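To start, the structure itself, in structure tokens.
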């Protein structure tokens, strides 16, 4: 195929060169279109890398794929322009593309059974990748540490992968994630809803259905036919370094008949708006979190709660904290009640150090939506908490066993049944709070601001100042402004979508053991809960300062009494987590082979296909090479392009023009000449308008290639002065012009693309040669540079060689500049024979910009005869 294309190209070049030019021009336009697309995707990848806004990794996959396709298309277009060269570019592109796609490729997944695993010894695997983190940990608690856990089974990650594959929904999910902007709440909600609909409409494969029914039948044998179950998410990476606290779904009291539909609800819960926001903001890939599902017998609970093996808000104490509520613990972790708190020693015999009774849900409210008056009752009398001393000490002993086993402080969920039996429901790392803002170290007596509230319970230490935003309903989260102090009755896990906009958070009723509290600590938001005093006085929009360390809220912005050291400007901790994620590791690799540019200088010996080390290098090389090839269209001395027509104009210049697409009006096939009136190309007309400006003086001598003429005459050659060998050439279309001007001893190349789309537009200009001595030529080059710089060009000069570039001007600006270039060409003829010094250059540049294009009779310049 390559040989066939080369033969066709050479045939056209010999017998129909105008066809070659038209094909090259079309290929060049195609190349420019793909070049524009490539730069757009380069810019997006750089935005993904440098922007503080997190994105899903599918955005990287999508835009890299589009970038790679654009680069491949650019290479193909370049090979159409010059088929015999640069064929090794495609090999370099394939090499870089292979490296990147290897990194982008999702992990290989297992679609095969087992789809369920019972909670018993001899399980085929207890690895997190198979059971998810929560279930894997629960297996270890039961069969390594021999702690009591509920009976049940796990629907494995293999089932999850098979479910997606069977319904062919992974691709549409990825497509939606690729365009998701988690900072756009409506977009986030819509994406979450669309994915949930995909999952809920999908069919569970028969093999999974059978496995679940068989496992459920075994559980019924153990627990009775009427057993109800809880379905709990057990995603890979859940309850690890990233807690995902409250982000995924848990369904309680599920009937056996509803278990399959509930399974789909748990899977769909992987893509709720708040779960998506949390995962993406932590830099976790969707492929890193396949969803297994725990199916556990429901325990008829007398009490339940959470154990923290350390007091994370007071590192100076050597105590663990037990939070307990009567009944099920969903109200506790959901942040709707304040629990009983029992503090014990961390050492045997785990003596009770302190007990703090909690409150149940509010007894009654009066007042408006933002200022209700609330009263509370103790959940129990102070003599009878929801958890007895012996049970508390048992939980403390188990908790320290878990901390020793995992070698890290633990956050443990537990429950107690009606018979007094204790069960461990899960254990995960306890996350230490990350404060965004330095704390107020000084005592409250040194602060002059009015104290609006005192006695709040610290969830995450630190200090935050901002305007109060009282959230009436979770649907209004999108309205929470940047830097706000969020004030809410209860802290819900869904509030994660506003966390990165908060200066602080104040919660009327809740617990440090709630999911919201875990999220606040992970995001480093200074947070207080159980803020009863002064809560109703926190008025909407009023500026306050939350001192979470000391449980206080102050009026206005507190200017901390200073010890001479200004507050440290710490990095946002949630962004620090994002920057250290697998997302950023992979994206950094992609950037190295995609956006990093090493080829800067086209004149360098490294500016070659072999010098390319990234797709950006290839883009740079292809574009520069294509422009160079188009420049060479008219730079073939002694070879007139077939189909070109001689321009008949008032300018005494031998000029040939080749139309490659709507650049001139239709004409008879045998026509050999044309006039300016027949030209329909706006950029060409602008250049001619400048050349024919009344202020430009042209002598009656024909301005052609004197250098070639002199060489032929001196060698004794006989050739007509009208020969195309001496002429100037223009390849024109409606939007594009490529001109080689030859007049006197000057040689000028101009290449321009001029459209209504400013981003596509450019002018490339080269000016060289000229009569006169070296000093005169250098001064003339300085004049050209001065004018072009005033017109907005980027200009470089080497000796008497001028190269200039102008990009991305509007079509009106481009036309004006091209007219001035025409005037500039007329003004520079023989200028090097009478320009004498740099003062003359500055004077003439000023005059030119003022509208003077003829310097023959300039009063301040010494006159020289024209040739």
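In UniProt numbering, the protein residues as written are 1 to 867.
For every residue, glycine included, the Cβ atom is placed at its ideal position computed from N, Cα and C.
Bear in mind the structure is a predicted one, so any value in this text is a computation, not a measurement.
For a quick check, are the C-beta atoms of residue 452 and residue 537 less than 8 Å apart?
yes
Would residue 548 and residue 461 be called neighbours here (beta carbons separated by less than 8 Å)?
yes
Any idea what DSSP makes of residue 617, helix, strand or coil?
helix
Do you know how far the Cα of residue 612 is from the Cα of residue 230?
57 Å
Shortest alpha-carbon distance to residue 396 belongs to which of 413, 805 and 344?
Proximity to residue 396 across 413, 805 and 344 peaks at 344, based on C-alpha coordinates.
Assuming residue 882 and residue 50 form a contact by the criterion Cβ under 8 Å, report the distance between their Cβ atoms to the nearest whole angstrom.
Because the chain is modelled from 1 through 867, residue 882 falls outside the range shown and cannot be assessed.
Go ahead and label residue 98 buried or exposed: buried means 16 or more other beta carbons lie within 10 angstroms of its beta carbon, across all protein chains shown.
exposed
Going by CA-CA distance only, name the one from 167, 189, 165 and 166 that's closest to residue 176.
When each option's Cα is compared against that of residue 176, the closest is 189.
Would the beta-carbon of residue 469 fall within 8 Å of that of residue 281?
Not a contact, by the Cβ cut-off of 8 Å.
Just confirm the distance between the C-beta atoms of residue 748 and residue 781, as a whole number of angstroms; I'd bet it's less than 8 Å.
Wrong, their Cβ atoms sit about 12 Å apart, outside the cutoff.
Could you please give me the residues that DSSP links to residue 152 through a beta bridge?
296
Below 8 Å CB to CB, which residues in the same chain sit around residue 207 once its five sequence neighbours on both sides are set aside?
113, 115 and 162
Option nearest residue 874 by Cα separation, candidates 423, 495, 28 and 54:
Missing from the structure shown is residue 874; the chain here goes from 1 to 867 and no further.
With 16 as the cutoff for other CB atoms within 10 Å, does residue 869 come out buried or exposed?
The shown model of the chain, from 1 to 867, leaves out residue 869, and the question about it has no answer.
Would DSSP call residue 876 helix, strand or coil?
No answer is possible for residue 876: the residues shown for the chain start at 1 and end at 867.
Simplified DSSP assignment, three categories, for residue 280
helix
Beta-carbon contacts of residue 820 that lie in its chain and below 8 Å, excluding the five residues immediately before and after
690, 787 and 791
Can you tell me which of 615, 658, 210 and 237 puts its alpha carbon nearest to the alpha carbon of residue 72?
615
Is the segment 508-527 close to the segment 327-334, with three or more CB pairs under 8 Å?
yes
Between which two residues does the alpha helix (DSSP H) carrying residue 218 extend?
Unbroken alpha helix (DSSP H) run through residue 218: 206-223.
For residue 24, which of helix, strand or coil comes out of DSSP?
helix
Could you check the C-alpha separation between residue 37 and residue 217 for me, to the nearest Å?
57 Å
Please determine, among 463, 694, 647 and 550, the residue with the shortest C-alpha to C-alpha distance to residue 483.
463
Rounded straight-line distance, which links the Cα of residue 532 to that of residue 269:
A direct Cα-Cα distance of roughly 33 Å separates residue 269 from residue 532.
At the level of alpha carbons, what is the spacing between residue 333 and residue 147?
22 Å
At least 3 beta-carbon pairs within less than 8 Å: the segment 302-314 vs the segment 406-415:
Yes: the two stretches touch, three or more of their Cβ pairs being nearer than 8 Å.
On the DSSP bridge assignment, give the partners of residue 490 in chain order.
BP columns for residue 490 point to 509.
For the beta strand (DSSP E) that residue 662 lies in, which residues bound it at each end?
Run containing residue 662: none; DSSP gives neither H nor E here.
Is the number of C-beta pairs between the segment 644-655 and the segment 618-626 that are closer than 8 Å three or more?
no
From residue 545 to residue 340, what does the alpha carbon distance come to, in whole angstroms?
For residue 545 and residue 340, the gap between their C-alpha atoms comes out near 28 Å.
Who pairs with residue 738 in a beta bridge, going by DSSP?
731 and 751
Tell me the residue span of the alpha helix (DSSP H) that contains residue 432.
Where residue 432 is concerned, there is no enclosing alpha helix (DSSP H), given that its DSSP letter is neither H nor E.
Nearest by alpha-carbon distance to residue 174: which of 86, 287, 263 and 160 is it?
287
Can you look up residue 555 in the DSSP assignment and give me helix, strand or coil?
strand
Under three-state DSSP, which class holds residue 144?
Three-state DSSP puts residue 144 in coil, outside helix and strand.
If you follow the beta strand (DSSP E) that residue 253 is part of, which residue opens it and which one closes it?
250-254
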